[in-house]
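Quick note: the sequence shown uses the working numbering, first residue 12, plus one each step.
C-beta: ideal position from N, C-alpha, C; glycine also.
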Amino acid sequence: MLNKKGSFRTLFPREEYLFIVTRLIAVVVMIPWVLFNPYPDMINTNAILLILLAIAIHLSIFTTRPRWLKLTQQDLYKITFGFDIAIVSLLVHYTGGLYSNFYLLYYLVIGFSAYNLGLQGGVTVAFACSSLYLLMNYYQISEQIVLDLTLRLVIAWVYAFAIGVFSKHIKHSSNKLLNLLDILNERTTELERTQIQLETIYETSRSLGEIHNLSEVFVEINNIADRILGYPMSSILLLSENRGYLELIATVESGVKKIFKNPQKRELSGLYARVIDSGRTERVADLSGSDNHVAIMERTKSAMIVPMIARSKIIGILSAESSKVAAFNDRDEKLYSILAASAGMAIDNARMHKHISDLTVIDDLTGIFNYRYFVQKLEEEKRRATRYNLPLSLVMLDLDWFKKTNDSYGHEIGNIVLKEIVQVVKGCIRDTDTFCRYGGEEFIIILPLTSADEAQVLAERIRSQVEKHDFGVATGVPGLKITVSLGTTSYPENGLSPVELVQTVDTALYRAKGSGKNMVCSV
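Take a look at the structure:
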């Protein structure tokens, strides 16, 4: 059986070593036989010496295998068997012919050839040996030696047949055993690799639960899919709040990782829909026959989609894709499922942590930031404005006659009015502005990079929009109108500290309220 390098593999000691040792033993036996032969007239000493020299040269070439000898091991064996047949035949001829005991070396040649070349090769060598043995010594054949000669030839042929059959079966068994060993080695290597990956995923996935930032969770999931699992393409898709579609949150393709600030919408159909509906992994070896599945990667041929589950509820999926057919196996499915389970819990934990964090800074009624967050944010913006000499303004607003509204229509209507005010104001300010509920019916807005004049323009726009707004639609009170009074102040014109800024803007609001309400005052 050939290995990757083109040489033969075997369970037994390499034949060439035995091959060389037996020839060395034969040479060692021949030398004293030549030197101390009691019948010197029966041998040709010069011929024997030339034969020994030829054997020595052959052994040297066979052992060292010079680079110029561009032969495979099997070809070298075939040439060697031909050489052996000729050498033994000459040796027998020059040491007594049919009466030479060196004919026994034929059996050595036949045995090696039958084992190495198989039954057909062994029989061919036996035929060549028999033919040369008879042709080179035919003149010595007589009635006295016929029986002995026949026995020698029969033994040679039987020996070739027996060794050939034995070689066939033992090589067949050897190949089967070697194949089994190869499979066992592959399985062992695969198990070891899987075990290492499993341990790595378990350790890494466990660290996912310690990450409370959702974006960082997505980054770490991408890292695991790319660095540990080594998938060509992996993506994170989360179910929308109404569970009507999927949002593509993050991808990693050929080592390039992306986190989308504006998640891409994906239709809940095909394999995605089946995974969401069944809660089971879908692994497709060839997507060419799947018309209703839209892959994320353009050249996708195979895909594996695993559900992410948290608290017995599917929150999204992990999708692995490859440009190769049948790129994913059972081991990949197992590893990806482990990652999906950990990812689902990590994403859910991060969401819960964000929700809990939001509860500490978000006003329950209006959904905007509360006073606690306002204090922290104002400190930050004040430091930034001071460090870089940037303008900073505050706008404080208060609902006019809000107590009368509550007394007339009830606190429930009053709460609806507060929510409507928030929506009107949100439509007037920028994303970079911080809108907070200061307390009761008072609100305050932090305006970074905003001068005093710009703050007054914004305040007037808010006042005007509130005045125009029909609060009767949301409250069910026809014709309900609400107005607000606003105060503004700016840094560095007024105040040296956050506390002083708040005091100043409060003073401005007080002036607006005291001057007739539904107006803007600046200090």
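Span of the alpha helix (DSSP H), counted from its first residue to its last, around residue i
i: Ser508; result: Neither: Ser508 is in no alpha helix (DSSP H) and is coded neither H nor E.
i: Gln275; result: Not the alpha helix (DSSP H): Gln275 falls in the beta strand (DSSP E), residues 267-278.
i: Val488; result: It is not in any alpha helix (DSSP H) - Val488 carries neither H nor E in the DSSP assignment.
i: Leu225; result: 225-234
i: Thr416; result: 413-420
i: Val286; result: 281-289
Candidates the options: closest to residue i by CA position
i: Asn400; options: Val32, Pro503, Tyr150, Arg277; result: Pro503
i: Gly327; options: Glu252, Phe454, Ile379; result: Glu252
i: Ile68; options: Asn417, Met530, Leu35; result: Leu35
i: Glu344; options: Ser313, Val372, Ile325; result: Ser313
i: Gly220; options: Ala137, Ala321, Lys187; result: Ala321
i: Ala519; options: Gln467, Phe271, Val484; result: Gln467
i: Arg294; options: Asp341, Met308, Glu278, Phe271; result: Asp341
i: Val99; options: Lys335, Ala58, Ala354; result: Ala58
i: Glu227; options: Ala261, Lys492, Tyr149, Ser265; result: Ala261
i: Asp442; options: Gly451, Pro459, Ile367; result: Pro459
i: Asn417; options: Ser280, Leu491, Val386, Leu350; result: Leu491
i: Pro402; options: Leu60, Asn505, Phe339, Ile31; result: Asn505
i: Ala354; options: Gln206, Ser218, Ser184, Val120; result: Ser218
DSSP beta-bridge partners of residue i
i: Met315; result: Arg294, Ala331
i: Leu248; result: Leu259, Ile328
i: Phe113; result: Note: Phe113 sits in no beta bridge, so no partner.
i: Tyr502; result: Leu403
i: Ala321; result: Lys324
i: Asp409; result: Glu453, Ser496
i: Glu264; result: Met244, Val267
Contact under 9 Å by Cβ, residue i with residue j
i: Leu259; j: Pro274; result: yes
i: His364; j: His480; result: no
i: Ala181; j: Cys140; result: Reading off the sequence shown, one finds Ile at residue 181, where the question assumed Ala. Not a contact, by the Cβ cut-off of 9 Å.
i: Val428; j: Phe446; result: no
i: Val435; j: Ile473; result: yes
i: Leu240; j: Leu249; result: no
i: Ser245; j: Leu329; result: yes
i: Gly175; j: Gly129; result: yes
i: Tyr170; j: Tyr118; result: yes
i: Ile247; j: Gly290; result: no
i: Glu452; j: Phe482; result: no
i: Asn529; j: Glu478; result: yes
i: Leu376; j: Arg448; result: yes
i: Leu497; j: Cys532; result: yes
Assumed close pair residue i, residue j - CB separation to whole angstroms, cut-off 8 Å
i: Asp517; j: Met356; result: About 47 Å; that fails the 8 Å criterion.
i: Ile316; j: Glu392; result: Ile316 to Glu392, Cβ: 45 Å. No contact.
i: Tyr126; j: Ser178; result: 4 Å
i: Val513; j: Asp411; result: With 8 Å as the limit, Val513 and Asp411 do not qualify as a contact, their Cβ atoms being about 21 Å apart.
i: Tyr384; j: Val488; result: Going by Cβ atoms, the distance from Tyr384 to Val488 rounds to 32 Å, so no, they are not a contact pair.
i: Met308; j: Glu278; result: Actually they do not touch by this definition, with Cβ atoms about 17 Å apart.
Host beta strand (DSSP E) of residue i (start-end)
i: Asp481; result: Note, Asp481: premise wrong, no beta strand (DSSP E); not H, not E.
i: Gly355; result: Counting along the chain, Gly355 falls outside any beta strand (DSSP E), though it belongs to the alpha helix (DSSP H) covering 341-372.
i: Leu376; result: Where Leu376 is concerned, there is no enclosing beta strand (DSSP E), given that its DSSP letter is neither H nor E.
i: Val336; result: Premise fails: Val336 is in no beta strand (DSSP E) and is neither H nor E.
i: Glu453; result: 453-459
i: Thr106; result: Segment: none, Thr106 is in no beta strand (DSSP E) and carries neither H nor E.
i: Ser533; result: 531-533
i: Arg448; result: 445-450
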